[in-house]
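Peer 1:
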Amino acid sequence: MFRNTARCLDALFVIAGGLLAHWMRFSTPIALSDTERLLIAFNCVLVLLLFPGFGVYDTWRGKALSSMLARVAAAWLVVVATALVLAFTLHRMDAVSRLWFGYSTLISGALIVVTKCVVHVALRSVRRRGMNFRTVAIVGAPGFSRTLLAHLEHAPQAGFKPVCVFDTSDTRIDGASAYGARMKRLPVLTDLNTFVNKVRDEHVNEVWLALPLSEEHTIYRFTRLFRNDFVNLRFIPDVRSLSLFNHALVDVVGLPTLNLSATPFSSPQMWPKLIFDRLFAAAALLALAPVFVVLAIGIKLTSPGPVFFRQTRKGVDGQPFAIYKFRSMTVHHEAHGQITQATRHDARVTKLGGFMRRTSLDELPQFLNVLLGQMSVVGPRPHAVEHDDLYKDQVYGYMYRYRIKPGITGWAQVNGYRGATTKVEKMEARVKFDLFYIHNWSFWFDMKIVLITIFKGFVGHNAF
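Residues 0 to 463 in numbering that gives the first Met the number 0 are what the sequence shown spells out, letter by letter.
1. Does the beta-carbon of Asn368 have 16 or more other beta-carbons within 10 angstroms, so that it is buried, or is it exposed?
2. Can you name, in chain order, every residue of its own chain whose Cβ lies under 8 Å from the Cβ of Ser176, other than the five neighbours on each side?
3. Is it the case that the Cβ atoms of Ile111 and Val71 are separated by a distance below 8 Å?
4. Out of Asp9, Ile403, Ala20, Val413, state which residue places its alpha-carbon closest to the alpha-carbon of Ser266.
5. Going by CA-CA distance only, name the one from Ile296, Gly415, Leu363, Val117 that's closest to Ile407.
6. Could you tell me which whole alpha helix (DSSP H) segments of length 4 or greater appear in the stretch 271-323?
7. Looking only at C-alpha atoms, which of Phe442, Ile298, Phe307 sits nearest to Phe264?
8. Can you tell me whether DSSP reads Val348 as helix, strand or coil?
9. Exposed or buried, what is Cys43 when buried is set at 16 or more other beta-carbons lying within 10 Å of its beta-carbon?
10. I'd like to check one pair, Ser375 with Gly352: are the Cβ atoms closer than 8 Å?
11. So, with DSSP's three-state summary, where would you put Phe159?
12. CB Leu224 to CB Val195, shorter than 8 Å?
13. Tell me, which residues are paired with Arg429 by DSSP?
14. Throw me the rounded Cβ distance for the Pro161 and Val125 pair, which I believe falls under 8 Å.
15. Residue ranges of each alpha helix (DSSP H) run of no fewer than 4 residues wholly in the stretch 53-87, ordered along the chain?
16. Using CA coordinates, which residue listed in Arg127, Arg145, Asn131 is at the minimum distance from Gln156?
17. Could you compute how far the alpha carbon of Asp166 sits from the alpha carbon of Val138?
18. What three-state label does DSSP hand Val230 in the structure shown?
19. Hey, would you say the C-beta of Trp443 is under 7 Å away from at least one heavy atom of the ligand ATP?
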């Protein structure tokens with residue numbers, strides 16, 4: 000019923016857009032030309048035929064509004080492009096006012112998108128008030144079940160209401176104890192027959208199987224149990240022990256694929272970060288040019304050797320690049336494959352070098368790496384390749400830091416994790432902050448880190 004109403008409304012919006020566009024272009028809302036009528040009718044038919052194929056009328060319960068609007072906009076653009084092809088094919092484009100066509104495209108598209116946005120927001124509001132919900136029974140071990148319940152509790156606008164939990168870690172065959180301890184005020188069932196009867200008697204809408212991938216037999220068992228019931232059975236795999244972060248389901252050659260460890264962000268998501276990096280790096284290099292000159296002269300006057308220090312580091316996806324720093328130590332040579340970190344009162348560090356390291360001035364040339372696209376302003380700090388080889392097998396998730404571009408500053412640095420890491424525990428703590436940054440990344444998170452760095456992140460007692 001709702002879908003049919005939505006389809007009729009979309010077709011009416013196409014007609015309304017054509018009429019309003021004609022009134023705006025010619026000041027007469029009714030006297031449409033034959034070609035205009037043909038295009039309006041053709042657009043109505045295409046909307047009715049193509050929109051369902053784009054999933055416009057699918058349920059969007061619990062899904063992001065931006066995703067829905069992007070799909071609607073894409074479907075409407077396909078409709079408009081197809082109408083243009085038709086007009087050219089019939090050699091009727093000369094009889095169509097381009098201004099009218101543009102107005103009708105924008106007006107109809109806006110009416111369709113705005114209406115769906117309003118409906119979506121209204122439904123979210125209604126569901127927050129406990130209406131228009133779907134009941135859910137969760138099957139799984141207590142740990143992951145609590146995680147799902149927490150997600151549902153923080154997303155009332157999705158309209159899912161949990162009614163019970165079936166604890167797979169304490170299943171009783173004899174039915175002697177059907178109920179276990181309550182979880183978030185919900186009954187926890189431990190007897191399978193009791194659970195099945197509850198789902199059927201209370202007409203529960205959905206059963207979510209929150210199970211590990213190894214529980215194939217349990218999944219099959221529940222599939223057989225509810226094969227004759229009109230209940231939505233969903234499998235939410237518990238892969239916490241296998242993957243570091245978001246377990247996105249993607250399409251690979253037509254096959255549904257669960258990402259266990261992959262690049263966490265798509266290119267469009269990173270565009271704001273890429274643009275900011277280039278603009279900020281260019282501005283910083285121009286503004287700091289006098290500082291560069293003064294430091295370069297100071298380095299030359301205080302110790303023999305080059306102004307800049309170059310060292311190979313790993314970038315995004317482990318690609319090597321040469322990182323630039325102001326030289327803060329006397330020129331020395333170490334054994335191949337060995338890197339000795341600077342320590343407090345290290346004799347190799349020059350007086351000017353010590354000041355630069357404490358104030359992070361030695362890192363300023365890395366804005367050139369940002370401008371070249373090898374680094375980002377904000378991201379996990381790249382470590383020496385030798386340290387990567389040392390810690391990658393000792394610290395869980397260490398190499399996942401390189402799934403994104405390394406940065407000049409980062410969440411670990413503004414939280415005090417700067418300088419040498421002489422213990423595995425220190426590196427574990429630093430990596431923990433880096434992984435938190437990747438998991439929670441947003442452009443505004445970057446801006447927060449930049450501001451913290453500007454006001455308090457340049458100087459640290461751990462840097463020497």
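Yeah, the Cβ is synthetic: ideal placement off N, Cα and C, and Gly gets one too. Just so we're clear, the structure is a prediction, and the values are computed from it rather than from any experiment.
Peer 2: In short, the structure shows the following:
1. Within the sequence shown, residue 368 is the residue found at index 369, counting from 1. The residue is buried, with at least 16 neighbouring Cβ atoms inside 10 Å.
2. Within the sequence shown, numbered from 1, the residue matching residue 176 stands at position 177. Below a pLDDT of 50, predicted positions are generally treated as unreliable, and Ser176, at 46, falls in that range; no measurement from the model is reported.
3. Position 112 of the sequence shown, counted from the start, is the residue given in the question as residue 111. Position 72 of the sequence shown, counted from the start, is the residue given in the question as residue 71. In this structure, Val71 lies closer than 8 Å to Ile111 by Cβ.
4. Taking the sequence shown and counting its residues from 1, one reaches residue 266 at position 267. Considering only alpha carbons, the answer is Ile403.
5. Taking the first residue of the sequence shown as position 1, residue 407 is located at position 408. Ranking Ile296, Gly415, Leu363, Val117 by Cα distance to Ile407 puts Leu363 first.
6. 288-301
7. Here residue 264 refers to the residue found at position 265 of the sequence shown. When only C-alpha atoms are compared, the closest one is Phe442.
8. On the sequence shown, position 349 is the one that residue 348 refers to. Strand, per DSSP.
9. To locate residue 43, count along the sequence shown from 1; it is residue 44. Buried.
10. Start at 1 with the first residue of the sequence shown, and residue 352 comes out as number 353. Start at 1 with the first residue of the sequence shown, and residue 375 comes out as number 376. No, they are not a contact pair.
11. On the sequence shown, residue 159 is found 160 positions in, with the first residue counted as 1. Strand at Phe159.
12. Here residue 224 refers to the residue found at position 225 when the sequence shown is read from its first residue. Here residue 195 refers to the residue found at position 196 when the sequence shown is read from its first residue. Going by beta carbons, Leu224 and Val195 fall inside the 8 Å limit.
13. Here residue 429 refers to the residue found at position 430 of the sequence shown. None, per the DSSP bridge assignment.
14. Taking the sequence shown and counting its residues from 1, one reaches residue 161 at position 162. Taking the sequence shown and counting its residues from 1, one reaches residue 125 at position 126. Between Val125 and Pro161 the Cβ distance is about 18 Å, and since that is not below 8 Å, they are no contact.
15. DSSP assignment within the stretch 53-87 yields no whole alpha helix (DSSP H) run of 4 residues or more.
16. Residue numbering aside, residue 156 sits at position 157 when the sequence shown is read from its first letter. Considering only alpha carbons, the answer is Arg127.
17. Taking the sequence shown and counting its residues from 1, one reaches residue 166 at position 167. Taking the sequence shown and counting its residues from 1, one reaches residue 138 at position 139. Straight-line Cα distance between these residues: approximately 6 Å.
18. Locating residue 230 in the sequence shown gives position 231, where the first residue counts as 1. DSSP, reduced to helix, strand and coil, places Val230 outside both helices and strands of the structure shown, so it counts as coil.
19. The ligand ATP is not part of the structure shown, which contains no ligands of any sort.
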